[in-house]
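*Asks:* In this note's numbering, the protein residues as written are 304 to 693.
Idealized CB from N, CA, C, for every residue including glycine.
Only a predicted model underlies this, so the values are computations on that prediction, with no experimental measurement involved.
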Ligand code: NZQ
Ligand code: ZN
């Protein structure tokens, strides 16, 4: 096992009806900005409950709506202006990954006072972690289980055709309320996205090379098996509490630092996927489902040992050579994604061969030229992966 530091300060409040604890979690005299997306929280009543709770104490409450999927820098800067003008002291994100990520950017941009007027630099250098003395505190209320943003310090922001990660240790949410019933209203394609995102967060920290990290491996296998067991069922039975509760908790655990501590991590599937979202606007999780099978087929030699372990322990494939087991597991994984209604072929999203160069150029522009768990995935290899996924 590799050396590691594990740190996760986010308090989780989990369960049916737990939104009623909101008043006790947000400082009583805060000037709160409630941030949300395109209106689902209004339509389904979550926002009303949030406001009712906040009004139980003497707080000044402001709202910011319209954070779009794959949150845009320009939209978020409008929220930054409100924070500056109204002296906001607490940010409350109500929504999915895009709202939570966008809120993290707002927190950083308001707090990094030396970047006033040049906030774009926070997106371009944000993955290096800007040094902040303090940051506006964040609470989240999760309506879409997928990204793990409610329990980590990262976010992904879109600026034109650049979709880039930001992170800062001060943007771990102070608390996150996870009430699975708030996710019942999700369209089935978003639930499928959540299952696939959770699955592939786990994969990025598990299908690398072995380092004898038993706890991390067994826990990852538990998350993967849970997604396979409950995935289709929770899409078909959206109001079954136990199924949905398991999706919600697994998605937080897949990307809160726990299974990634002390093991090699890849994240190539995500980096290749982000370029597809930036150029074609394909949903985040769908890009991952497109990239994973072809990336594994192209890089089967590098990943063979862990793929065979995955085949055996997750899919119960016991026959054949290591290579045969690995290939069978790739096929099973692709069939699993397809069974959730998600296509794994780039051509099904209208993309053609002559558009691949633009995507590869994006990777080069963003300096992702030596990615993967060993740094050996070059733009040439990325091109082969994209072409194979057509
Ligand atoms: O905007 P509204 O009207 O709220 O509708 C949203 C949105 O259209 C809708 N929705 C959310 N909760 C709902 C609901 N509809 C009905 N009922 C509900 N309860 O769902 C749509 C998608 O929302 P979004 O937040 O964009 O989805 P997701 O949670 O999948 O987040 C995707 C974003 O997270 C980033 C992605 O790159 C992408 O930008 N990621 C963040 C990560 C992190 N912070 O650690 C890691 C991930 O790998 C990922 O990259
Ligand atoms: Zn993801």
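Are any of the Cβ atoms in chain B nearer than 8 angstroms to that of residue 561?
*Replies:* Looking for chain B here will not work: only one protein chain is present.
*Asks:* Could you give the first and the last residue of the continuous beta strand (DSSP E) run that contains residue 366?
*Replies:* Start and end: 363-367.
*Asks:* Are residue 534 and residue 643 close, meaning C-beta to C-beta below 8 angstroms?
*Replies:* Yes.
*Asks:* Relative to the alpha-carbon of residue 665, which residue among 426, 465 and 452 has its alpha-carbon at the smallest distance?
*Replies:* Minimum Cα distance to residue 665 is reached at 465.
*Asks:* For a minimum of 4 consecutive residues, which ranges assigned as the alpha helix (DSSP H) are wholly contained in the stretch 552-600?
*Replies:* As far as the stretch 552-600 is concerned, its whole alpha helix (DSSP H) runs of at least 4 residues are 571-583.
*Asks:* What three-state label does DSSP hand residue 459 in the structure shown?
*Replies:* Here residue 459 sits in strand by DSSP.
*Asks:* Within 7 angstroms: the Cβ of residue 577 and any heavy atom of the ligand ZN?
*Replies:* Because no heavy atom of the ligand ZN lies under 7 angstroms away, the Cβ of residue 577 does not count as near it: no.
*Asks:* Using a 10 Å radius around the Cβ and a threshold of 16 neighbouring Cβ atoms, would you call residue 374 buried or exposed?
*Replies:* It counts as buried.
*Asks:* Looking only at its own chain, which residues have a Cβ that is under 6 angstroms from the Cβ of residue 395, when we skip the five neighbours before and after it?
*Replies:* Correct list, in chain order: 335, 337 and 442.
*Asks:* Can you tell me which of 668, 348 and 413 puts its alpha carbon nearest to the alpha carbon of residue 581?
*Replies:* Minimum Cα distance to residue 581 is reached at 668.
*Asks:* Counting along the chain, where does the alpha helix (DSSP H) carrying residue 478 start and finish?
*Replies:* From DSSP, residue 478 is part of no alpha helix (DSSP H) but of the beta strand (DSSP E) over 478-481.
*Asks:* Alpha carbon to alpha carbon, what distance is there between residue 350 and residue 556?
*Replies:* For residue 556 and residue 350, the distance between alpha carbons rounds to 26 angstroms.
*Asks:* Would you say residue 450 touches the ligand NZQ, meaning its beta carbon is less than 7 angstroms from a heavy atom?
*Replies:* Flag set: Cβ of residue 450 near the ligand NZQ.
*Asks:* Is the closest heavy atom of the ligand NZQ to the C-beta of residue 475 under 7 angstroms?
*Replies:* The answer is no for residue 475.
*Asks:* Taking only heavy atoms of the ligand NZQ into account, decide whether any of them is closer than 7 angstroms to the Cβ of residue 588.
*Replies:* Checking every heavy atom of the ligand NZQ against the Cβ of residue 588, one is found closer than 7 angstroms.
*Asks:* Among 640, 305, 560 and 601, which residue has its Cα nearest to the Cα of residue 687?
*Replies:* The shortest Cα separation from residue 687 among 640, 305, 560 and 601 belongs to 601.
*Asks:* Quick check on DSSP: helix, strand or coil for residue 468?
*Replies:* In this structure, residue 468 counts as strand in the three-state DSSP scheme.
*Asks:* State the DSSP-derived secondary structure class of residue 512, mapped to helix, strand or coil.
*Replies:* It is coil, neither helix nor strand.
*Asks:* On a Cα-Cα basis, can you pick out the residue from 416, 390, 479 and 353 that is closest to residue 403?
*Replies:* Residue 479 is the option with its Cα nearest to residue 403.
*Asks:* Regarding residue 496 and the ligand NZQ, is the C-beta to nearest heavy atom distance less than 7 angstroms?
*Replies:* For the ligand NZQ, at least one heavy atom lies less than 7 angstroms from the Cβ of residue 496.
*Asks:* Let me know the secondary structure DSSP gives residue 375 once reduced to three states.
*Replies:* Looking at residue 375 - three-state DSSP - the assignment turns out to be strand.
*Asks:* So for residue 502, helix, strand or coil by DSSP?
*Replies:* Helix, per DSSP.
*Asks:* Is any heavy atom of the ligand FMN found at a distance shorter than 7 angstroms from the C-beta of residue 569?
*Replies:* As for the ligand FMN, it is missing from this structure, which binds only the ligand NZQ and the ligand ZN.
*Asks:* To the nearest angstrom, how far is the alpha carbon of residue 658 from that of residue 391?
*Replies:* When rounded, the distance between both Cα atoms is 44 angstroms.
*Asks:* Rounded to whole angstroms, what is the Cα-Cα separation between residue 463 and residue 623?
*Replies:* The straight-line gap from Cα to Cα measures roughly 48 angstroms.
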